[in-house]
Amino acid sequence: MSDIASCYFIVNSTRYSEILVLLVCKIYLVFLQLVAFLALAYAIADILETFGSKHEKMIGLFFQLVCLIGLILTMYAPIYTYYDGIKLYSYGPATLITYGFVGLYIASTIGSTVILKNHIKSKKISALLVWMSIWIAAAVFQYFYPKFLIVSFASCLGALIMYFELENPQSSISRRTGHFSSAVIREYFDYLYKTRKKFSVMMISFRTVADSSNENKLLRRTISMLSDFLFSIDTAKVFDTAEGYFLLVFEKDVFMESTKFRISTYFQSVEDNPDISNAITLMSPFFTIVPDSSIAGNADELLYLLSGYIPNNTNKLPGNEIVLNTDIMKELRNKKIVEKMVVEAMEENRIEVHYQPIFDIANNSYSYAEALVRIRLADDTLVLPNEFIPIIEESGRIIPLSDTIYKKVLSFMKSYKMERIGVKHIELNLSVKQGEHPLFASRFIDLIKEHNISPNQLNLEITETSLLSNTDNLLANMKKLENFGLTFSLDDFGYGSSNLNYIIDLPVKIVKLDKHLTDEYFINEKAEAIVKTVIEMAHSMGIKIVAEGIETTDALDAMKALGVDYIQGFLFSKPLPEHEFLRFIQQHNL
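For the sequence shown, the numbering used here gives the first residue as 762, with consecutive numbering after it.
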């Protein structure tokens, strides 16, 4: 607008005083400098405000001082105008000063985006570079063709691009609900952490236990009504995640409890509506609360924390609320460290398989062995599976880890011909997460064929039955593998979630009595009765029994007297590395 005004006054200079005409022209130059300076400030503002050292902040103050000097010089220096009926422009020292300062700011903006590219969002960098490029191109064009006054237009066009790319509020709104969209959650958290603002978070989600159309319909209705109600909450920013839950962010934690109470009261009022025709059944909300954002170090850590506490049928969280604190965050960080350890071990080929011999009472030999994973750390110490398997199960990385183990075991079996040294089969642990995958059986069969191993040399041991969520997929895979020639065993019976139902439901040929149960057998009358009953029942169904954790000859004799088929424990051997296992088997079997 000041550019247009200066053109008007130059064209009509005879109608106005010279002072007014030159003042309007200088105002345009001042605005031109300010826009260029503010583009630079916008480029580096986040860095100077959040990461800036005292030295960097001094640079910011220096540029502000330079800007002030430029404006003063522009207003003080003389300026002249030219108009011949076609071309019009201003010139003189004030104009040259403006060109110099604007050029400095544009060059500094481009330099800043390049130097600070690791600290500025890529989208912001590209938008700034487009803006500066348009501005430079317009300035060059206008220099050669002065009758086309497009510099200020180019400046405004660049600012418009910045707006649509970075500052357009409509791009942050969910079209589905009208609340802030999931696309900007991380960016907003990132801003709050970088500006060191304290805040609290409340996640509202819903516990689902089935995948029926009725439940889905009820869930959609509940989400829709909650979404409408949340527009009445003016104490928090509301984010629609598009996965069926909402995040409420409070910059003052005092409002959180009152908001939670309002939401709970709303749900209750809907269900208890005295007008029966308007009473609606809704799903109960589950609240995941972070009262203090400082328990997480950054946006990614906070989002990772929240994602672990969305209730469903597999992570049965208690009650209708959980408050996340520093202890939970510490546990999460430990899990991430373990995950990283496993991933690095796979990448660096530090996954090892040790083999524990299993004694066959009937043949008086070590006919079987269980393959057990170990991780070799950089300092040569070994990490046992109980320290990382549960965490890897939960994170979903158990599948690539199991694939690595299977390939190592099959290569070992192929290289050393187990049957020649009396080992009839090797037991491999099968995570239910892996067993539930619809393609598991096909992939495993291809792997066996690739290594040219006879399927009757392998037994898959079902572990972590507490995580079983899709029995149909697991049973289908087990049936396919059974038809191919593999057998199955049920691990850790008598401890945790393993129970008689799994013996009945799953096509297992072997049941392994957990060490806890075999230990209790000698000191607990109830455990003694259970062990005897399980052995008798299993044998009546053609199922064989392995007693785990046997460490003394008295325990061995007792298990033999009970009719146990196989013995596994430190009495015979701990899990051994490949070559030690081969030496052990050759010494005892041959």
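Idealized CB from N, CA, C, for every residue including glycine. As the structure is a computational prediction, the values presented were derived from the model and not from experiment.
Residue(s) in a DSSP beta bridge with residue i
i: Glu1155; result: Answer is none; Glu1155 lacks a bridge partner.
i: Leu1008; result: Met964 and Phe1000
i: Ile934; result: Phe941
i: Ala804; result: According to DSSP, Ala804 bridges with nothing at all.
i: Ala1130; result: Pro1118 and Ile1187
i: Lys908; result: DSSP output for Lys908 lists no bridge partner at all.
i: Ala1308; result: Leu1274 and Ile1328
i: Thr1224; result: Ser1192
i: Phe1047; result: Ser966
i: Thr1248; result: Asn1220
i: Tyr844; result: Leu849
i: Leu1337; result: Tyr1116
i: Ile1136; result: Ile1112 and Val1144
As assigned by DSSP and simplified to three states, the class of residue i
i: Thr1279; result: helix
i: Phe1120; result: strand
i: Val1184; result: coil
i: Arg1023; result: helix
i: Ser778; result: coil
i: Ala900; result: helix
i: Asn891; result: Note that residue 891 is Val in the sequence shown here, rather than Asn. Helix.
i: Arg1111; result: coil
i: Thr956; result: coil
i: Ile984; result: helix
i: Tyr866; result: helix
i: Tyr1065; result: helix
i: Leu927; result: helix
i: Val1084; result: strand
i: Leu1219; result: strand
i: Leu1143; result: strand
i: Ser1055; result: helix
i: Ile994; result: coil
i: Phe1254; result: strand
Buried or exposed by the 16-neighbour rule on C-beta atoms within 10 Å, applied to residue i
i: Ile1166; result: buried
i: Phe1022; result: exposed
i: Met819; result: exposed
i: Ile765; result: exposed
i: Leu790; result: buried
i: Pro839; result: exposed
i: Leu991; result: buried
i: Ile965; result: buried
i: Leu1278; result: buried
i: Gly1255; result: buried
i: Gln1347; result: exposed
i: Gln1195; result: buried
i: Ser1227; result: With a pLDDT of 49 at Ser1227, under the threshold of 50, the modelled position of this residue cannot be trusted, and the question is left open.
i: Ala868; result: exposed
i: His1186; result: buried
i: Gly919; result: buried
7 Å CB neighbourhood of residue i in its chain, flanking five on each side removed
i: Val863; result: Leu793, Gln794 and Ala797
i: Lys1293; result: Leu1323
i: His1115; result: Leu1133, Arg1135, Pro1336, Leu1337 and Pro1338
i: Ile934; result: Phe941 and Ser942
i: Val772; result: Tyr844 and Leu849
C-beta contact flag for residue i and residue j at 8 Å
i: Leu1009; j: Thr1002; result: no
i: Ile1311; j: Met1320; result: yes
i: Met1090; j: Ala1057; result: yes
i: Glu1309; j: Lys1270; result: no
i: Asn977; j: Ile1182; result: no
i: Glu1211; j: Leu1191; result: no
i: Thr870; j: Ala800; result: yes
i: Leu1247; j: Leu1274; result: no
i: Thr1042; j: Ile1083; result: no
i: Met1239; j: Leu1162; result: no
i: Leu1251; j: Ile1265; result: no
i: Phe960; j: Ala1060; result: no
Sequence-distant residues of its chain with Cβ nearer than 8 Å to residue i (five each side left out)
i: Ile1145; result: The sequence given here has Leu at residue 1145, not Ile. Counting only Cβ-Cβ distances below 8 Å, and skipping sequence neighbours, we find Arg1135.
i: Ala915; result: Ile895, Trp896, Ala898, Ala899 and Ala900
i: Ile847; result: Lys908
i: Ser1203; result: Lys1241
Contacting residues, own chain, Cβ-Cβ under 6 Å from residue i (five flanking each side not counted)
i: Leu1171; result: His1212 and Ile1214
i: Gly831; result: Gln794 and Phe862
i: Glu1131; result: Gln1117 and Glu1188
i: Gln1329; result: Ile1119, Val1307 and Glu1309
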